[in-house]
């Protein structure tokens with residue numbers, strides 16, 4: 012079992028968020044109290060202010076990729 016599809020999905024989601032930021036930035040100046048500003052701020056927080064969470068998620072996916080082939084082998088052999 013690999014998690015290639017999960018990794019691809021996360022990459023596509025990141026790409027969509029980056030495109031959202033770029034589009035909103037092209038619409039400047041955004042009013043600080045506007046809904047678009049709030050959207051931009053929320054997207055920015057996900058993309059740029061969750062390094063610890065992002066690193067943890069990458070570590071979990073790496074561990075799963077390393078462990079899952081062994082887990083599948085043990086389950087078949089049981």
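Numbering (the working numbering), first residue to last: 12 to 89. Even for Gly, the Cβ is constructed at its ideal location relative to N, Cα and C.
Element boundaries [alpha helix (DSSP H), containing residue 33]:
15 to 37
Comparing alpha-carbon positions, which option in 78, 45, 33 and 71 lies nearest residue 55?
33
Distance cut-off 8 angstroms: residue 74 Cβ against heavy atoms of the ligand ATP
Absent from the structure shown: the ligand ATP. Ligands present: none.
Among residues of its own chain, excluding the 5 on either side of residue 68, which ones have a beta-carbon nearer than 6 angstroms to its beta-carbon?
none
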